[in-house]
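**Q** The structure under discussion is supplied below as structure tokens; questions concerning it will follow.
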RNA sequence: CGGGGCGUCGUAUAGUGGUAGUACGCAUGCUUUGGGAGCAUGUAGUCCCAGUUCGAUUCUGGGCGCCCCGACCA
């Protein structure tokens with residue numbers, strides 16, 4: 068894409084009102100725009116990142132047998148009364164339809180929809196197990212939205228629900244989902260700082276695992292066992308925390324942000340909706356459920372928190388909006404290279420703007436694409452390439468760049 | 001929801017009970033092009049509502065909004 072065609076522009080300075088690094092950099096570089104506290108627009112660059120993250124998550128969910136659907140955000144009060152959560156969930160957006168006079172909910176999670184939905188199809192042990200997921204906007208009336216993309220009132224979330232005939236099968240799938248999550252964080256470039264964390268089950272049950280990523284902007288505290296590479300959430304750790312796996316007490320305390328959370332729901336939602344199946348013996352039993360959430364906005368915000376320097380964002384190659392940032396220091400001098408790269412399938416942001424070299428450099432650092440390519444009168448038939456992560460650049464030929472992506 | 005901070009052109013900031021200034025941006029023209037260029041001419045602002053006052057952007061009260069700490073977080 069030609070940068071001159073981007074309707075967004077970078078800001079010379081970050082908005083003063085933002086303090087969180089992800090909010091400052093994403094707004095300054097033009098990835099997102101805040102409409103109100105905890106509610107953001109994704110602009111062209113930001114949307115490309117969101118789509119990339121979506122693709123990774125979708126691939127890994129498909130890989131563990133997930134079938135993708137899309138459920139409604141508008142939900143009826145009755146379903147929430149069935150589970151008793153109409154009264155108990157306090158960050159639910161509730162309102163009344165003006166014309167139909169019915170009470171409605173803006174979905175903050177989808178157990179109330181998925182359970183009655185699959186009840187229509189999962190009737191026999193032959194239909195189990197199943198895993199169904201969606202990537203969809205969630206609404207939560209947060210008491211305190213904060214830290215840019217880390218805690219919003221409206222956000223994109225992947226939620227997967229699994230359905231099983233017995234606990235052994237649920238356990239087996241739960242472990243599989245765990246591994247899929249670890250793969251997602253590896254692909255998103257935050258695996259080194261992300262820990263499987265033992266946590267409370269919240270309103271569901273005693274069984275829950277979180278995926279917590281170390282960042283000073285995080286709002287949770289976890290105790291890490293470096294030997295096992297797992298952690299325990301401070302919330303359930305008690306006064307004398309020990310590693311939940313090996314029992315060790317020498318743990319490292321860290322601030323973290325929760326990027327994913329997986330639960331064994333068992334029959335918590337099957338029971339109220341009467342989600343049952345017939346066994347091979349003709350007996351009726353409750354379907355057992357698991358649920359597996361992952362906040363995409365939060366994942367993006369976390370990546371920025373974990374991967375930036377004082378000049379801007381440093382995107383991992385897997386989620387970067389473009390792979391190459393091509394800067395030309397003389398009008399039109401980069402055009403041939405741009406055409407050549409894009410026609411060979413490379414993803415390129417081409418800075419063809421008539422602005423000063425300094426501004427192009429500064430914007431390239433701020434936007435943070437993995438590879439910066441400079442062509443000018445100085446580079447001649449060669450091109451200068453530099454990784455966003457490194458300080459050194461080198462003069463190379465076209466083949467070298469082609470091999471980069 | 002409790003506590004704190006802050007609201008001045010699009011952005012970042014200065015300032016005052018009496019004409020609101022600077023830089024960047026934006027517009028036009030010319031000159032520029034390897035780390036946020038130069039000159040010239042323009043453009044644009046005191047969050048809202050009351051009160052005090054001859055006069056309020058400034059003082060007082062209320063509201064709204066944003067950020068931070070805490071509580072909460074399926």
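Residue numbers (this note's numbering): 68 to 472.
Idealized CB from N, CA, C, for every residue including glycine.
#1: Please report the straight-line C-alpha distance between residue 230 and residue 371, rounded to a whole angstrom.
#2: By how many angstroms is the C-alpha of residue 146 removed from the C-alpha of residue 178?
#3: Can you name the start and end residues of the alpha helix (DSSP H) that residue 147 belongs to?
#4: Please identify the residue among 358, 339, 303, 260 whose C-alpha is closest to the C-alpha of residue 323.
#5: Quick check on residue 207: buried or exposed, where buried means 16 or more other Cβ atoms within 10 Å of its Cβ?
#6: Leaving out the 5 sequence neighbours to the left and right, which residues in its chain are closer than 8 Å to residue 144 when beta-carbon positions are compared?
#7: Hey, how far is the Cα of residue 333 from the Cα of residue 402?
#8: Out of 441, 92, 428, 213, which one is the CA nearest neighbour of residue 405?
#9: Taking DSSP as the reference, what is the three-state secondary structure of residue 342?
#10: Once the 5 residues before and after residue 432 are set aside, which same chain residues still bring their CB inside 7 Å of it?
#11: Would you check if there are 3 or more beta carbon pairs closer than 8 Å linking the stretch 348-366 to the stretch 298-313?
#12: Less than 6 Å between C-beta atoms, sequence neighbours within five positions excluded: which residues of the same chain meet that for residue 400?
#13: Count Cβ pairs between the stretch 303-318 and the stretch 250-267 that sit closer than 8 Å; are there 3 or more?
#14: Sorted by chain position, which residues of the same chain lie with C-beta nearer than 6 Å to residue 368's C-beta, five sequence neighbours on each side aside?
#15: Excluding the 5 residues preceding and the 5 following residue 294 in the sequence, name in chain order all residues of the same chain whose CB lies nearer than 7 Å to its CB.
#16: Can you name the start and end residues of the beta strand (DSSP E) that residue 229 belongs to?
#17: Say whether the stretch 117-130 touches the stretch 384-396, bearing in mind that this needs 3 or more beta-carbon pairs closer than 8 Å, one atom from each stretch.
#18: In angstroms with no decimal places, state the Cα-to-Cα distance between residue 166 and residue 148.
#19: Alpha carbon to alpha carbon, what distance is there between residue 85 and residue 200?
#20: Under 8 Å between the Cβ atoms of residue 247 and residue 128?
#21: Whose CA, out of 470, 356, 180, lies closest to the CA of residue 141?
#22: To the nearest angstrom, how far is the alpha carbon of residue 340 from that of residue 249?
#23: Measuring CA to CA, which of 284, 327, 329, 91 is closest to residue 321?
#24: What separation, rounded to the nearest whole angstrom, lies between the Cα atoms of residue 430 and residue 97?
#25: Considering only C-alpha positions, which residue in the set 317, 409, 183, 175 is nearest to residue 225?
#26: Which of helix, strand or coil does DSSP assign to residue 454?
#27: Would you say residue 81 and residue 91 are within 8 Å of each other, going by their C-beta atoms?
#28: Indicate the three-state DSSP secondary structure (helix, strand or coil) for residue 81 in the structure shown.
#29: How is the alpha helix (DSSP H) around residue 68 delimited, first residue to last?
#30: Does DSSP put residue 166 in a helix, a strand or coil?
#31: Shortest alpha-carbon distance to residue 78 belongs to which of 457, 415, 279, 434?
#32: Along the chain, where does the alpha helix (DSSP H) containing residue 417 start, and where does it finish?
#33: Which whole-angstrom value is the C-beta distance of residue 393 and residue 415, which I expect to be below 8 Å?
#34: Starting from residue 275, follow its DSSP beta bridges and name the residues at the other end.
#35: Since residue 437 and residue 469 are thought to touch, with beta carbons under 8 Å apart, how far apart are those beta carbons, to the nearest angstrom?
#36: Within 10 angstroms of the Cβ of residue 464, are there 16 or more other Cβ atoms? Answer buried if so, exposed if not.
**A** Short version:
#1: For the purposes of this step, residue 230 is taken as residue 163 along the first chain, with counting starting at 1. For the purposes of this step, residue 371 is taken as residue 304 along the first chain, with counting starting at 1. Taking the straight line joining both Cα atoms gives about 35 Å.
#2: Position 111 of the first chain holds residue 178. Position 79 of the first chain holds residue 146. About 9 Å.
#3: Against the first chain, residue 147 aligns to sequence position 80. Unbroken alpha helix (DSSP H) run through residue 147: 144-150.
#4: Numbered from 1 along the first chain, position 256 holds the residue referred to as residue 323. Among 358, 339, 303, 260, the Cα nearest to that of residue 323 is on 260.
#5: Walking along the first chain from the start, residue 207 turns up at place 140. Looking at its Cβ environment, which holds 16 or more other Cβ atoms inside 10 Å, residue 207 is buried.
#6: Start at 1 with the first residue of the first chain, and residue 144 comes out as number 77. Correct list, in chain order: 153, 161, 169, 170, 171, 172.
#7: The count along the first chain starts at 1 and reaches residue 333 at position 266. The count along the first chain starts at 1 and reaches residue 402 at position 335. Distance between the alpha carbons of residue 333 and residue 402: 58 Å.
#8: Along the first chain, one-based indexing puts residue 405 at 338. Checking every option, the nearest Cα to that of residue 405 belongs to 441.
#9: Locating residue 342 in the first chain gives position 275, counting from the first residue. Residue 342 carries a coil assignment under DSSP once its states are collapsed to helix, strand and coil.
#10: Along the first chain, read from residue 1 onward, the residue named residue 432 stands at position 365. Once the five neighbours on either side are set aside, the close Cβ partners of residue 432 are 378, 379.
#11: no
#12: Stepping through the first chain from its first residue, residue 400 is reached at position 333. Closer than 6 Å at the Cβ level, and outside the excluded window around residue 400, lie 442.
#13: yes
#14: As a working note, residue 368 is residue 301 in the first chain. Closer than 6 Å at the Cβ level, and outside the excluded window around residue 368, lie 89, 215, 216, 217.
#15: Taking the first residue of the first chain as 1, we reach residue 294 at position 227. Cβ within range, chain order: 313, 315.
#16: As a working mapping, residue 229 is identified with position 162 in the first chain. Residue 229 -> beta strand (DSSP E) spans 221-231.
#17: yes
#18: By 1-based counting over the first chain, the position of residue 166 is 99. By 1-based counting over the first chain, the position of residue 148 is 81. For residue 166 and residue 148, the distance between alpha carbons rounds to 22 Å.
#19: Here residue 200 is taken as the residue at index 133 of the first chain, counted from 1. Here residue 85 is taken as the residue at index 18 of the first chain, counted from 1. If you take the alpha carbons of residue 200 and residue 85, they lie about 34 Å apart.
#20: The residue you call residue 247 lines up with position 180 of the first chain. The residue you call residue 128 lines up with position 61 of the first chain. Yes.
#21: The count along the first chain starts at 1 and reaches residue 141 at position 74. Comparing Cα-Cα distances from residue 141 to each of 470, 356, 180, the minimum goes to 180.
#22: Counting from one through the first chain, the residue named residue 340 turns up at place 273. Counting from one through the first chain, the residue named residue 249 turns up at place 182. Their backbone Cα atoms lie some 32 Å apart in a straight line.
#23: The residue you call residue 321 lines up with position 254 of the first chain. Ranking the options by Cα distance to residue 321, first place goes to 284.
#24: For the purposes of this step, residue 430 is taken as the residue at position 363 of the first chain. For the purposes of this step, residue 97 is taken as the residue at position 30 of the first chain. Those two C-alpha atoms are separated by around 10 Å.
#25: As a working note, residue 225 is residue 158 in the first chain. Per the Cα distances, 175.
#26: By one-based count along the first chain, residue 454 stands at place 387. Correct three-state label for residue 454: strand.
#27: The residue labelled residue 81 in the question sits at position 14 within the first chain. The residue labelled residue 91 in the question sits at position 24 within the first chain. In contact: residue 81 and residue 91 (Cβ atoms closer than 8 Å).
#28: By one-based count along the first chain, residue 81 stands at place 14. If DSSP states are grouped into helix, strand and coil, residue 81 belongs with coil.
#29: If you number the first chain from 1, residue 68 lands on position 1. Where residue 68 is concerned, there is no enclosing alpha helix (DSSP H), given that its DSSP letter is neither H nor E.
#30: Position 99 of the first chain, counted from the first residue, corresponds to residue 166. Reduced to three states, the DSSP call for residue 166 is coil.
#31: On the first chain, residue 78 is found 11 positions in, with the first residue counted as 1. It is 434 whose Cα lies nearest to the Cα of residue 78.
#32: The residue you call residue 417 lines up with position 350 of the first chain. Where residue 417 is concerned, there is no enclosing alpha helix (DSSP H), although the beta strand (DSSP E) it sits in stretches over 415-418.
#33: As a first step, residue 393 is located in the first chain; it is residue number 326 there, counting from the start. As a first step, residue 415 is located in the first chain; it is residue number 348 there, counting from the start. Going by Cβ atoms, the distance from residue 393 to residue 415 rounds to 5 Å, so yes, they are a contact pair.
#34: Taking the first chain and counting its residues from 1, the one referred to as residue 275 is at position 208. Paired residue(s): 330.
#35: As a first step, residue 437 is located in the first chain; it is residue number 370 there, counting from the start. As a first step, residue 469 is located in the first chain; it is residue number 402 there, counting from the start. A Cβ-Cβ distance of about 15 Å is found for the pair residue 437 and residue 469, leaving them out of contact under the 8 Å criterion.
#36: Locating residue 464 in the first chain gives position 397, where the first residue counts as 1. When all chains shown are included, residue 464 counts as exposed.
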